[in-house]
Amino acid sequence: MSQGPPQLPPQMFTTAAQLLDLTDKKLVLVLRDGRKLIGVLRSWDQFANLVLQDTIERLYAGNLYADIPRGIFLVRGENVLLLGEIDLDKEDDIPPHIQRASFQEVFELKKKEDGARKVGDKKRHGKLQTLGFEPEHSGEILF
Numbered sequence: 130m131s132q133g134p135p136q137l138p139p140q141m142f143t144t145a146a147q148l149l150d151l152t153d154k155k156l157v158l159v160l161r162d163g164r165k166l167i168g169v170l171r172s173w174d175q176f177a178n179l180v181l182q183d184t185i186e187r188l189y190a191g192n193l194y195a196d197i198p199r200g201i202f203l204v205r206g207e208n209v210l211l212l213g214e215i216d217l218d219k220e221d222d223i224p225p226h227i228q229r230a231s232f233q234e235v236f237e238l239k240k241k242e243d244g245a246r247k248v249g250d251k252k253r254h255g256k257l258q259t260l261g262f263e264p265e266h267s268g269e270i271l272f
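Going by the numbering used here, 230 is the number at position 101 of the sequence shown; the sequence numbering is gapless.
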């Protein structure tokens, strides 16, 4: 009687099935485009496509943040860069150096920061190209 290939212990799986323990829990997601979402995981599939309920999008700029209510949110699995469970006991403990502000104020500051970052990136890419290097992620958006 021959045995098949050795099997990994059940706790070692690295598929979308790991999301089972996170179902109905509050999560934070960072997407490939840099957006941060906070919501309750209600459903998922084999491709790690996620359905979040009571979702908010959190914008950060400088030492300010603002929340935008989004409601039910469907996230395609390939766009998730980071996913983590929120500790509900520490959820309301906001670091003292970060303050809540209006969406408009944070959005304007974020636009300025993004513009400055793009100018710096363009200069850096130009210098790298003069040295014969191709800039990283030249065709792909990764915040």
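For each residue, glycine too, the CB sits at the ideal point set by N, CA and C. Fair warning: this is a prediction, and the values are worked out from it, not measured in the lab.
Cα-Cα separation between residue i and residue j, rounded to whole angstroms
i, j, result
"residue 260", "residue 198", "46 Å"
"residue 225", "residue 190", "15 Å"
"residue 223", "residue 132", "54 Å"
"residue 243", "residue 135", "50 Å"
"residue 231", "residue 239", "12 Å"
"residue 255", "residue 237", "27 Å"
For residue i, three-class secondary structure by DSSP
i, result
"residue 246", "helix"
"residue 253", "helix"
"residue 259", "helix"
"residue 154", "coil"
Contact check, residue i vs residue j, beta carbons under 8 Å
i, j, result
"residue 214", "residue 156", "yes"
"residue 194", "residue 235", "yes"
"residue 149", "residue 212", "no"
"residue 209", "residue 177", "yes"
Beta-carbon proximity list for residue i, same chain, < 8 Å, skipping 5 on both sides
i, result
"residue 152", "170, 171, 172 and 173"
"residue 183", "168, 169 and 200"
Residue span of the beta strand (DSSP E) that contains residue i, given as start and end
i, result
"residue 198", "193–204"
"residue 172", "165–173"
Own chain residues within Cβ distance below 7 Å of residue i, not counting five before or after
i, result
"residue 187", "165, 167, 194 and 196"
"residue 202", "166, 168, 181 and 184"
Own chain, CB closer than 6 Å to residue i, minus 5 neighbours either side, in chain order
i, result
"residue 192", "226 and 227"
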